[in-house]
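Enquirer: Numbers given in the numbering used here equal positions in the sequence shown, counted from 1, plus 1210. Dropping the structure in here first, questions after.
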Amino acid sequence: MISEHINKVLVLAPHTDDGEFGCGATIAKLIEAGKEVHLAAFSPCKKSVPKEFPEDILEHELKAATAVLGIKPAHLYLYDYEVRIFPSKRQEILEDMIRLRKKVAPDLVFIPSLNDVHQDHFTIAEEGRRAFKFTNILSYEMPWNNFNFNTACFIKVSEKDLEQKIAALKEYKSQYFRTYADEHFIKSLASVRGTQSGGGYAETFEIVRWIIK
């Protein structure tokens, strides 16, 4: 059961597909439970788009993918920070997050791991922790970037939740070449995390801050 005091949720994604990879099944579960989920992606990664696709393809794929999960268009925020230079934009990113905090007033925020080695992911994690320090915060798992990950929290998800995550990620046709976009990998990881938490499927999270009221 999703905690009754969690009603508004904000997912902070460095790049357009990170939120879906890190907690896509959990997003589907939360929305199914009637929670209000917002997602903010900080870069459309124009410099990382394969040459055969239009420069703005990831913006369109983000909209399609989040719609599959059930996120309302009004709850989707896309910023235009250039990929791989987030550390030089820390203050601007923090200010955008503070504006988001005031607008959304979330009860729970998902961020990348503070052990994520990608410079953009780490910046979003650090500034997210700073901006939302009086809010419940969980870090989502991205095994290809996490040298260490403390599996302190598990959110059980259904096969339907997992299939929604996979369907959402399939909207990122420009990213099919990524090894971690493989459906078998996504299901296998959810199965491993499910086994660790008693069976079925799950996504795992680090607890950054949990406030009991």
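Positions of the beta carbon are idealized from the N, C-alpha and C atoms, including for glycine.
What is the DSSP secondary structure of V1221, counted as helix, strand or coil?
Expert: Translated into the one-based positions of the sequence shown, residue 1221 becomes position 11. DSSP places V1221 in strand when its eight states are reduced to three.
Enquirer: If distances are taken between C-alpha atoms only, which option among S1368, F1342, E1265, L1379 comes closest to V1319?
Expert: Taking the first residue of the sequence shown as position 1, residue 1319 is located at position 109. Comparing Cα positions, the closest option is F1342.
Enquirer: Rounded to a whole number of angstroms, what is the C-alpha to C-alpha distance between E1381 and G1338?
Expert: The count along the sequence shown starts at 1 and reaches residue 1381 at position 171. The count along the sequence shown starts at 1 and reaches residue 1338 at position 128. Cα to Cα, the separation comes out at about 27 Å.
Enquirer: So, with DSSP's three-state summary, where would you put Y1390?
Expert: Here the question's residue 1390 lines up with position 180 in the sequence shown. Reduced to three states, the DSSP call for Y1390 is helix.
Enquirer: Quick one: what's A1250 bridged to in DSSP?
Expert: Locating residue 1250 in the sequence shown gives position 40, counting from the first residue. A1250 pairs with L1222, Y1287.
Enquirer: By a C-beta neighbour count over all protein chains shown, 10 Å radius and 16 as the cutoff for buried, is N1356 buried or exposed?
Expert: Mapped onto the sequence shown, residue 1356 falls at position 146. So N1356 counts as buried.
Enquirer: Is the beta carbon of I1365 closer than 7 Å to that of T1236?
Expert: Counted from its first residue, the sequence shown places residue 1236 at position 26. Counted from its first residue, the sequence shown places residue 1365 at position 155. Cβ atoms of T1236 and I1365: closer than 7 Å.
Enquirer: Kindly indicate which three-state DSSP category F1415 falls into: helix, strand or coil?
Expert: Sequence index remark: in the sequence shown, residue 1415 carries index 205 (1-based). In the three-state DSSP reduction, F1415 falls in the strand class (E or B).
Enquirer: Taking the alpha-carbon of I1334 as reference, which of R1403, E1302, C1233, S1368 has the nearest alpha-carbon?
Expert: Residue numbering aside, residue 1334 sits at position 124 when the sequence shown is read from its first letter. For I1334, the nearest C-alpha among the options comes from E1302.
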